[in-house]
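Those protein sequences? They're chains D, X and U, same order as listed.
Per UniProt numbering, residue 1 is the first one in the first sequence, and the count goes up by one each step.
Per UniProt numbering, residue 1 is the first one in the second sequence, and the count goes up by one each step.
Per UniProt numbering, residue 1 is the first one in the third sequence, and the count goes up by one each step.
Glycine is no exception: its CB is placed at the ideal position from the N, C-alpha and C atoms.
Have a look at the structure below before the remarks.
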Amino acid sequence: MPAYVMCVRLRESELKTNRENIDSLRDRNVILTELCRWSLRLACCRRPLVQSVKCVQPEPSSSGSSGSSGSSSTPIGLLSEDNRSRHSRSHSTALRVMHIQPGIRVPFVLNVNTERYRQLWVLEVYLCGNSAEAKRAVAEMSTKLGLTVLDKGSLSAAGELEDFPLQLFPEWRLPLRVAVSLTAFFFFYLVIRDVVYGYVEQDKDISYRIMVSLANKVFPIVSLIMLALCYLPGGIAAFLQLYRGTKYRRFPDWLDRWMLCRKQMGLIALGLAFLHVIHTFMTPTRYSVRHKLITLVVDEMENNKTTPFYFDNTEAWGQDSFYALGILGFFLYVLLGLTSLPSVGGSLSWREFNFIQSKLGHLTLFICTAHGYIYGWNKFLRPSTYKWYTPPGYMLCLIVPSVVLVLKALVLLPCVDRTLTRIRQGWERNQPTEEIGKVTNL
Amino acid sequence: MPAYVMCVRLRESELKTNRENIDSLRDRNVILTELCRWSLRLACCRRPLVQSVKCVQPEPSSSGSSGSSGSSSTPIGLLSEDNRSRHSRSHSTALRVMHIQPGIRVPFVLNVNTERYRQLWVLEVYLCGNSAEAKRAVAEMSTKLGLTVLDKGSLSAAGELEDFPLQLFPEWRLPLRVAVSLTAFFFFYLVIRDVVYGYVEQDKDISYRIMVSLANKVFPIVSLIMLALCYLPGGIAAFLQLYRGTKYRRFPDWLDRWMLCRKQMGLIALGLAFLHVIHTFMTPTRYSVRHKLITLVVDEMENNKTTPFYFDNTEAWGQDSFYALGILGFFLYVLLGLTSLPSVGGSLSWREFNFIQSKLGHLTLFICTAHGYIYGWNKFLRPSTYKWYTPPGYMLCLIVPSVVLVLKALVLLPCVDRTLTRIRQGWERNQPTEEIGKVTNL
Amino acid sequence: MPAYVMCVRLRESELKTNRENIDSLRDRNVILTELCRWSLRLACCRRPLVQSVKCVQPEPSSSGSSGSSGSSSTPIGLLSEDNRSRHSRSHSTALRVMHIQPGIRVPFVLNVNTERYRQLWVLEVYLCGNSAEAKRAVAEMSTKLGLTVLDKGSLSAAGELEDFPLQLFPEWRLPLRVAVSLTAFFFFYLVIRDVVYGYVEQDKDISYRIMVSLANKVFPIVSLIMLALCYLPGGIAAFLQLYRGTKYRRFPDWLDRWMLCRKQMGLIALGLAFLHVIHTFMTPTRYSVRHKLITLVVDEMENNKTTPFYFDNTEAWGQDSFYALGILGFFLYVLLGLTSLPSVGGSLSWREFNFIQSKLGHLTLFICTAHGYIYGWNKFLRPSTYKWYTPPGYMLCLIVPSVVLVLKALVLLPCVDRTLTRIRQGWERNQPTEEIGKVTNL
């Protein structure tokens, strides 16, 4: 077996527990002294270590038995540790090395993320390489040292493999931008409608509302819109397929990108719903609310003395069902969030996953929308609702969800559904030619 | 190396990132043109694609080096993609193909769930096959294409492997049925006791209570019963083992099935407890509650003028400890739920898992039961509690938990515990014969 | 291929589903009758089974093709099932067996945790062994039987591998001790300051507060301190590195141990914060609170008749921002907790993980500390705050967080930050010699 040097650094403690393992590595001439000295390094570094390339002459006997390319050039084991700056990564180190010394053979690239190791107690090692021989040997060694090896295919994958630890939430950018801009818009819109209006027209200072009351209006609004935006592309895609009469054509890029960030949108929506719920629970303990309550009682006492005073039954019904819908909606929301956990979602079969994300998802959207409509109730009749001729926030936030639900309802119509199902099972209005071609050359 | 065609379809974007990987596939004569054309398909389909079987002549040189069966028949790579209806799956496709063309060799079955891929960014590929050669080659290829291969053993596993994506929560059925039926029963029971009773006897309309108040009575009741049902089979099993004097005999099927769905029962119980908690938090903001409070104050004002009026210390103690128990119980509930997450539970050692699920579980049950008892307190003395001679809901819900706790207490008795431990360590009241037989032939 | 006996026990149902798999095992002479009989055992045992060692003569033909050691001694497949008591595990069984019969060859150790299997539907099998031949064969067999094999390297790992299921939260001990002692201290401290003080000085019995009010003071205090303790070692380490001028020296052991239990500390802090939040939500429904409210109203009525009576705007602002900060803090708290889930944290790249745990973590700490300061507000001016000349709890709990935040602020100073970054990128104030040595021999 040829000599592969794996530059794995371990902490002293690790070394203690893995002593025998490491001893059993001797026959693979890993220089243990090096290993121990480096181990000290890792012990006291907070970030991944510096890149290091080591090379060792293979024994003449082994060079024959090594991987596909029988060249007797020097094998180089690469341990990339990704502390390069974002800007200095035009090429992967592996490819750069091969470029510098064309004759050389790089059997494997090990990507050790030492930071994660310190904090999550997992040392995942991404391994890629061309010579299966080398990979097998290194994987074995890593296993013995207690590292988990994830094979990432050939050396050509070295680039992304080495860049992986440098990326920062690439797929969260778009959803976050949408969420932030929506929040900002509604926040200022409501500040103007409530606080400024109250100050200008009725000349009273209710600026304290900004902290909690307004937040508790903005969060649910944005949350509901974000949730609707999760399910809007699905509807658009369905009608696009109906219009084209085939599923074998790509969607426009914007739709594709949108679809790929539905999960993140949903999670952000869940987070906002969570905030909305907490705000609601805090409400009764707030000073202003208690003050209003007391004022109410005192007025009650002075104006009408008829106790027990009037109990509005419809009011009770309306508010309670408003709450019930909200609670149920939030419950389903959380359920959706849980199934989007990698470990939970990964254990679901496709049908289960589809059931939850599509059926339960639309049900959640429906319930939350109903929650919003009941909140509005008959306010939209009163002229006092339209301060400065602007519609209240909850009206604006109900537009998108309603559209999504209408689209979904249309898709569920038997006639539409039948066609769509057939299309999605591969039927096309006009059979493409290469299909036939493929069939014949069988 | 023989020619295995893997019908993996990838999205354009994937192709871009994996370009070099795919180039490096050339020497395994995967027809790249095909691959790219199909990739367009996957890009615009919402559901797994149609089944497809491709076959390629192996090179004469390779047929010898291929797996166990040295037959020179045509190898067929199967990519099953599970969009068959639930009804048309009498046989696995792999076996069907082998049945159609008996001479043929099916080296592997790849099960690609493309839908999951689109949404969870994992493309898990279930691989099973008879020829190790083929499996190794395909696994390598898949890795290069960025798929994660899960080896599922021999081709005989193709059946379940292809059916997996079609199953819909098989192990959740029983617990859900129990939960739904219990909820329905208690709901109607309480509707009759509260609303109907109030309407008939006292002739007042409190139907608004159905939405929130009743829900907040039904959920905790069902939740507590479900939690108790999680731990009842354990107790039954213990006594069954004590009675039989051995652990080496199967439990009756009903008990076995019951035991296998304890996890789901617990999770449903947690869900209901969660709903109960949210309902409780919403209470003070409800119209009816505020109305009652105001009425109380107004009455207070008119009847006795002595302020500060009487503060009932025992009342405060009782209610606070009632709340404290509820909070602690819910906290442990959530803890139990967290450890039942695959990723969390999977990282626990057996002893930790046993500690949490058994010890913490029974503690939770105990606390929640105490929560229920304090709620009842001395109400059971008043005749007014038994409307129409029916016991209130909380009494009914305390039966099962009490039984479970009594069983657990019995098992914890030193004498019983000792015997049980010995039995569970393999001791039997009457040693079976094959044991001795096994010992001798060592 | 030699004969490896794998003592895997399966449940009847498993056998039914895996029938063909097991049939396909025949050619590896696993004694199926044994397998079936044992399966009955597993079906009715609640705990891992007894240890069992079986041995089978290898066929002469295979002994040559078997792993590295070409000895024709008897191969023994070990299935350790960890029901040994904690005290009787001086050696691993594998090593013990090898010690008893020195000539013998133990090709593999299978560690089946049957309990987990019953409840989480995963049968993880830890496999370790010296002969790659044996391991491959066993791994294949296990896969066919539906077990997931985790290769744990050479036989020398058998010890820890067999002990794993016996350990009980080793890394949670220290954090839990800290949490419990802090909770106990603050509980008694507050009991004395509130209840005892009230009883002795003002001679009124407010003991009922112990249940909820005090808990709701103790939990946030301890939670905040624990959170601060998560980020304190980071600061200490930074200054230690600055002082030493190199990152290539180990930290003292106490700091190392502290750093390794940061995750657990954070999770405990989250748990306490969760309890604090629930307690807060329960507040308005409490008897004592409602009583106080009513008293307030009644007083209001009798003393000043001017309605609407005075609305304190700063009070509203202060309290609302206090709540807003608390809510935001808890939200970030939960976010941190979620990313520490193995499945979530495992899917993060290093940069993302670092961003969340370091940046978001310090932000959370800052917000929660601000929450505490606003709670205190100007109370510290009133002499009535210092009952019996003792500072209130919230003052004590603000010390550690403030220190941590100051440290962090110092580290963020440009001059300090620059030096630290250079040090962490490997720069040292005095270059060690072996570095040069390493460079030259390249």
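Taking the C-alpha atoms as reference points, what is the distance between residue i and residue j?
| i | j | result |
| --- | --- | --- |
| D:G372 | D:D205 | 28 Å |
| U:F380 | U:V404 | 22 Å |
| U:L214 | U:L190 | 7 Å |
| D:M395 | D:Y323 | 19 Å |
| D:V178 | D:G245 | 32 Å |
| D:I423 | D:L255 | 19 Å |
| U:C415 | U:R262 | 28 Å |
| D:S207 | D:Y389 | 21 Å |
| X:R351 | U:R173 | 15 Å |
| U:R418 | U:K359 | 18 Å |
| X:V196 | D:P342 | 47 Å |
| D:R116 | D:F169 | Caution is warranted here: a pLDDT of 36 is assigned to D:R116, below 50, making its placement in the model unreliable, and the coordinate value is therefore given only provisionally. Straight-line Cα distance between these residues: approximately 16 Å. |
| U:L182 | U:F188 | 10 Å |
Under 6 Å Cβ to Cβ from residue i, same chain only, skipping five residues before and after it: list those, please.
| i | result |
| --- | --- |
| D:G64 | Per-residue confidence for D:G64 stands at a pLDDT of 33, beneath the threshold of 50, marking its modelled position as unreliable; the derived number appears in the next sentence. Result list for D:G64: empty, nothing under 6 Å. |
| D:W427 | none |
| D:S88 | Because D:S88 sits at a pLDDT of 38, beneath the cut-off of 50, its placement in the model cannot be relied upon, and the point is left open. |
| X:I374 | F322 |
| X:V400 | I225, A228 |
| D:M259 | P233 |
| D:L176 | none |
| D:R429 | G245 |
Ignore the nearest five residues each way along the sequence and tell me which others in residue i's own chain have a CB closer than 8 Å to its CB.
| i | result |
| --- | --- |
| X:F353 | T339, G345 |
| D:L328 | I367 |
| D:Q241 | K247, L420, I423, R424 |
| U:D27 | Confidence at U:D27 is low in this model, with a pLDDT of 32, below 50, so the placement of that residue is unreliable and no value is reported for it. |
| X:S402 | T369 |
Can the beta-carbon of residue i be found closer than 9 Å to that of residue j?
| i | j | result |
| --- | --- | --- |
| D:L229 | D:L270 | no |
| U:Y332 | U:L363 | In the sequence as presented, Tyr is not what sits at residue 332 of chain U; that position holds Leu. The answer is yes: Cβ separation under 9 Å. |
| D:Y287 | U:A370 | no |
| D:L420 | D:V411 | yes |
| D:K387 | D:E171 | no |
| D:L348 | D:Y231 | no |
| X:F281 | D:F274 | no |
| X:G235 | X:G361 | no |
| U:V297 | X:V297 | yes |
| U:D320 | D:M211 | yes |
| residue 487 of chain U | U:L407 | The requested residue 487 of chain U does not occur in the structure, where chain U is confined to residues 1 to 442. |
| D:W377 | D:G326 | no |
| D:T295 | U:P284 | no |
In its own chain, which residues sit with a C-beta less than 7 Å from the C-beta of residue i, not counting the 5 before and 5 after it?
| i | result |
| --- | --- |
| U:F186 | V218, I221, V222, G393 |
| D:V277 | F330 |
| U:R209 | D194, V195 |
| D:N216 | H276, H279, T280 |
(request) Taking only runs that begin and end inside the segment 346–393 of chain X, name each unbroken alpha helix (DSSP H) of 4 or more residues, in chain order. (result) 350–354, 361–376
(message) My parser needs the alpha helix (DSSP H) runs of 4 or more residues fully inside the UniProt domain "Ferric oxidoreductase" (221–356) of chain U; what are they?
(response) 253–260, 262–282, 287–303, 313–339, 342–346, 350–354
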